[in-house]
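Input: a single structure, listed below in structure tokens.
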Amino acid sequence: MKSKNLSSLCLAALVSSAVLCGSTAALAADDEIVTLIGSSFESGEDGWSGRGAASVAVSKSVAHEGSASLKVTSRTASWNGATIPLDYSFSAGSTYGFEAYVRYDTGTDTDSFKLSLQYNDGTTTQYMDIAKGDVKKGEWTKLSNDKFTIPAGASDMSFYVETEKSTIDFFFDDVKVTGVKGAAPSIPSTPTVTTTGKPQRGDLNKDGVVDSLDLIPMRRLALQSEFDKDSLKLGDLNNNDKIDSEDIKTLTSFVRGEDVEFPPTTIQDGPGDYPKSYDFPAVSQLKSSNDVPDPFIFMDGSKVQSEEDWWRRQAEISCMYEYYMYGKWIDGSDDETSYKISGNKMTITVKRKSTGKTASFNMVINKPATVRHEGGAPVILGMHSMQSTPSATKRGYAVITYDCDGMFTAPGTAQDNNSHKGAFYDLYPYGNSFETQTGELMAWSWGLSRTLDALYAGAAKELNINPENAICTGVSRYGKATAVCGAFDKRFKMCAPSCSGAGGLALYRYMSQGKSYDFSSKGASSSYRYGDNEPLGSLQASGEQAWFNGKFMEFRNANQFPMDQHMLGSLCCDPDRYLFIIGSCVGEDWVNAPSMWMSYCGMKHIWDYVGLSDHLAINIHKEGHAVIDEDMEKMTQYFDYHVYGIQPTMDLKQLQTSVFELPKNKDPYQDTFTSKWLY
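Position in the sequence shown (first residue = 1) + 6 = this note's numbering.
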């Protein structure tokens, strides 16, 4: 049976004469010898990585013992191999014993292998052989050296396996390292623990503790020339935009308990609980601009200069939408929600705690025949009925919808007229001040939020639904409300607004009327000319003005808005959440799908900036003012992959482009975001 890793892969560098042998003599007869590491690769790569161009991966094709070994491939030089950084707790000048097995299956009948040490002698990088010898093709051969001493003064050490001259693929297995018990320097027993659940600077292995084990991935990263944002956030302790030997020294000093400037501070890597402020200029004081606003510039003109700045800017944008457009978001803190399930119906009753008033509305439940997802069925919460419900339940999703405006079961949460009546307004009457002017889009969203409350309160357990994996969706005016709901209730794992148009996710400042597009790739006309798009004036007319708050009515033209709708979408940008935009290219002139695409292009700058590019998706179908079966198929495959790790049958890259990106259709206007914005 293979040995287990006993020391979190703290592999010793062992320097002395190198031999190929089978001896396992002890370091000293009277010393107590302990196993420091045993890499068997049965459960993973055990901290090993490729050196140079080499790649490493666990292989089940051959093994010395057990069922797995480490395969080394893609080598372009003999020194390319498998490597692991050495933990600082191994002492320069100390002696260790080691053994490992190697094998190769292609090439000449024999080949020369060696185990080597890389270290810094205080001036330059040095390399030394640990053990070497000839290996026969197709056979496991043991390389070992039981008395190997690390050079005095050595630091920044790494251990690696390589060949003498060839670049063949090979296998590596059953590494065993031994040393004298108590010989290693002591490690501080009081590491700093992350208690917030947020990433913490210095916690490179993301185990919630900043300790000596973080030196292993830090040293591996220090060998690289390029670094991703996530690694820099955690490992760039001296703020010089790279991970280097100075960062290693700082972290080493910290875990030894020495007094260093570096404090392990929590990193704000997502939306925070920032205080709300509505100290914004009056509408009459806002300057008009034809340019789509740069989301990376605060209202006071200051600039976003870090990811943490962005999350503060996101909080400001949220308040801007409440103040200038949709009205106050009612977060449920004053609501007490209960439910009653009868067959496929669920009645939601909400009591406002501060007044004692109650109001109710009804939901329709569609459950999948079989729950295929771990933890209960993911659930789609929709406004009004949804034609693709059978497609969703077929894929194992529950669908819960409600008549939000009371079109069929009055009054709903808010009637779709200027009366401001319905369950929401029974509890939160519409008034004359900004604080009491919550529009209908917010009111409909409130209904979905209270439904989510009911699921968390016990309905989910009764229905075998997982409320953690909830999706909100809706079409047209309900698509606008969906975008609002996803922006303000961050418990929804994904927001999927369909055909939301103006007031939803279409830009106010980009109109497509009069433009022609080639939709032949969708099976439609090769020269489709767009008619009128919905303008601001339509949203402010009597039939739609109640969707918004009073201040929205003060805007004389769309160029006055200090935001545009790519910034509404940006409120869904979150490491734990997803935005899936749905549109239709034919017969949707009023909805302005090209503008929703342009809005997506603007949003992408934001998602790219915070390293969440794959958390944003779009699907523009041929025609249909709905969430059609095609949308549901792609949406659930996308969700299954990102949330459950279920491999899709489609290429998800399709969901980061559209028919409007084709050369015949692409509008250079989208490039102005790159030329005019900060990022």
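All residues carry an ideal CB built from backbone N, CA and C; glycine is no exception.
Beta-bridge pairing of residue i - partner residues as DSSP gives them
i, result
"ASN671", "DSSP output for ASN671 lists no bridge partner at all."
"HIS2", "Here the chain covers residues 7 to 685 and nothing more, so residue 2 does not appear."
"ASN244", "Per DSSP, none; premise fails for ASN244."
"SER294", "Paired residues: none, contrary to the question."
"ASP341", "ARG358"
"TYR125", "GLN132"
"MET352", "ILE347 and MET369"
"ILE323", "Beta-bridge pairing links ILE323 to no other residue."
"PHE525", "In DSSP, PHE525 forms no bridge with anything."
"PHE119", "GLY139 and THR169"
"TYR534", "TYR523"
"PHE178", "LEU76 and VAL108"
"ALA83", "None; ALA83 has no bridge partner."
Cβ neighbour criterion (16 or more within 10 Å) applied to residue i
i, result
"LYS77", "buried"
"GLN311", "exposed"
"LEU458", "buried"
"SER308", "exposed"
"PRO600", "buried"
"PRO281", "exposed"
"ASP341", "buried"
"ARG81", "buried"
"PHE414", "exposed"
"LYS120", "buried"
"LYS682", "exposed"
"LYS138", "buried"
"LEU454", "buried"
"GLU468", "exposed"
"PRO503", "buried"
"SER348", "exposed"
"MET656", "exposed"
"PHE498", "buried"
"ALA59", "exposed"
Three-state class that DSSP yields for residue i in the structure shown
i, result
"ARG583", "coil"
"ALA158", "coil"
"GLY382", "coil"
"PRO223", "helix"
"THR678", "helix"
"PHE666", "helix"
"TYR685", "coil"
"GLU71", "coil"
"VAL62", "strand"
"LYS496", "coil"
"PHE755", "Since the first residue shown for the chain is 7 and the last is 685, residue 755 is missing from the structure and cannot be characterised."
"VAL216", "strand"
"ALA512", "coil"
"ILE612", "helix"
"ILE303", "strand"
"THR114", "coil"
"MET602", "helix"
"THR655", "coil"
"PRO541", "coil"
"LYS153", "strand"
Cβ-based neighbour list, residue i, same chain, cut-off 6 Å, excluding 5 preceding and 5 following
i, result
"GLY686", "Outside the shown range of the chain (7 to 685) lies residue 686, about which nothing can therefore be said."
"ASP422", "ASP411"
"SER294", "ASN565 and GLN566"
"ALA686", "Shown here, the chain extends from 7 to 685; a query on residue 686 therefore has no answer."
"PHE558", "MET331"
"TYR166", "ARG57, GLY87, THR89 and SER122"
"LEU447", "TYR332, LYS486, ALA487, VAL490 and TRP553"
Contacting residues, own chain, Cβ-Cβ under 8 Å from residue i (five flanking each side not counted)
i, result
"LYS628", "PHE525, LYS528, GLY529, ALA530, SER590, CYS591 and VAL592"
"LEU577", "GLN320, ILE323, SER324, TYR327, GLY492, ALA493 and PHE494"
"GLY28", "Only weak support is given to the placement of GLY28: the predicted model assigns it a pLDDT of 34, under 50, and the question is left unresolved by the model."
"LYS351", "ASN368, MET369, VAL370 and ILE371"
"LYS142", "ASP115 and THR116"
"TYR675", "TYR516 and MET604"
"GLU51", "VAL62, ALA63, VAL64 and LEU76"
Contacting residues, own chain, Cβ-Cβ under 7 Å from residue i (five flanking each side not counted)
i, result
"GLY159", "ALA98, ASP127 and GLY128"
"GLY556", "GLN443"
"SER172", "SER84, GLY113 and ASP117"
"ARG358", "ASP340, ASP341 and LEU433"
"ILE612", "PRO301, SER576 and CYS579"
"TRP452", "ILE336, THR419 and PHE430"
"TYR685", "PHE302, HIS611 and TYR615"
Those runs of the beta strand (DSSP E) which lie wholly inside the region 443 to 485 and span at least 3 residues: DSSP runs (the beta strand (DSSP E)) wholly in the region 443 to 485: 471 to 481.
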